Amino acid sequence: MSKLLILILFHVIYFQIHSIESSSDFEHPPLEIKVFNPKGFTFSIPAVTGISLFAFHGKLNEGFDGLEAGHWSRDITKAKNGRFTFIERSSELKIGDVINFWTYVLHNGLGYRHDNGQFVVKAYENASIDEIYPTTNSMKYEIPLPKIEVSYPKGFQVSIPATSGMAIFAFHGKLNEEFNGLEAGMWSKDILGEENGRFTFKDDEVELKIGDTIYYWLYVIKDGLGYRRDNGVFVVRQYDHFEIDIRLDMENEN
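Read left to right, the sequence shown gives residues -19 to -1, 1 to 235 (mature numbering (1 follows the signal peptide of the UniProt record, and there is no 0)).
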């Protein structure tokens, strides 16, 4: 797994990289924040050469306890119109509301954080968010319910359909134990290519029993945007594939 993919998928969970002081003069770019009426807001930074990721994490009227993912959490890996932009269309913000946030930028392979950010809503933009940022099909993408198949005596796989623009499918799972936030889990792997029309995570060694429970969350990068499907639960109720070991006892036959 590449360093870039690890940073993209796990900086929320295992983030141990502090703002890096390097010999370069790079600093986290200035944020532009827009709030729309009746709903929606955006956070964006200019697409400076060398930036490959902009991540936004925010909470409404509530402070952070360390580097939590927050109520809003998304990685932006593709710039549009010269900016990396986090777009939230459904939230209705009132004058006086406070957005607490932290952001993360990956520039030339180095990570830079902006911590303890706070923005107070004091006015709205003159246009609606859909006028400024028209919706596209890629923005409407939702990670589908995965297909989970269990094999006997061991092994299982988790897959979703491959769609245009999909670059990464990540599976994170724990056996018979719930997640505490966005942990990596007992299983944690990035799938970078499709096979037979699906992105598929496989574990060929684990022995699952009837009644075992797999808790999981998924992450997909599609068209340069990151999407999560949280709080997944799968209970093993049957086996879908059987690996039969047939041995002929020649002595008994004789």
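Glycine residues also receive a C-beta, built at the ideal position from the N, C-alpha and C atoms. Since the model is a prediction, treat every value here as computed from it, not as a measurement.
- Judged by their CB atoms, residue 100 and residue 67 are not nearer to each other than the 7 angstroms cut-off.
- Scanning its chain for C-beta atoms nearer than 8 angstroms, with the 5 sequence neighbours on each side dropped, one finds around residue 179 the residues 128, 140, 141, 142, 143, in chain order.
- The DSSP-derived three-state label of residue 112 is helix.
- Under the Cβ criterion (8 angstroms, minimum of three pairs), the segment 144 to 157 does not count as touching the segment 96 to 114.
- By the Cβ neighbour-count rule, residue 191 is exposed, with fewer than 16 other Cβ atoms within 10 Å of its own.
- Across the structure, residue 48 and residue 161 are spaced so that their CA atoms are roughly 14 angstroms apart.
- By the neighbour-count criterion, in which a residue is buried when 16 or more other Cβ atoms sit within 10 angstroms of its Cβ, residue 222 is exposed.
- DSSP places residue 105 in no beta strand (DSSP E); its state is neither H nor E.
- Nearest neighbour of residue 88 by Cα position, chosen from 113, 31, 220, 114, turns out to be 31.
- With a 10 Å radius around the Cβ and a threshold of 16 neighbouring Cβ atoms, residue 40 comes out buried.
- The residue among 148, 26, 84, 23 with its C-alpha nearest the C-alpha of residue 200 is 148.
- For residue 114, the closest C-alpha among the options 125, 166, 21, 175 is that of 21.
- In this structure, DSSP gives residue 217 a state outside helix and strand, which the three-state scheme calls coil.
- The residue among 46, 54, 60, 16 with its C-alpha nearest the C-alpha of residue 26 is 60.
- The beta carbon of residue 116 sits closer than 8 angstroms to those of 70, all from its chain and outside the five residues before and after it, given in chain order.
- The continuous stretches of beta strand (DSSP E) do not include residue 159, and DSSP gives it neither H nor E.
- Where residue 179 is concerned, the enclosing beta strand (DSSP E) starts and stops at 179 to 184.
- Annotation for residue 7: no beta strand (DSSP E) segment contains it, and DSSP assigns it neither H nor E.
- Residue range 53 to 57 is occupied by the beta strand (DSSP E) that includes residue 55.
- Taking a 10 Å sphere around the C-beta of residue 126, we find fewer than 16 other C-beta atoms and assign the residue as exposed.
- Exclusion of the five residues before and after residue 78 leaves 41, 42, 102 as the residues of its chain whose Cβ lies within less than 7 angstroms of its Cβ.
- Counting along the chain, the unbroken beta strand (DSSP E) around residue 128 starts and ends at 128 to 133.
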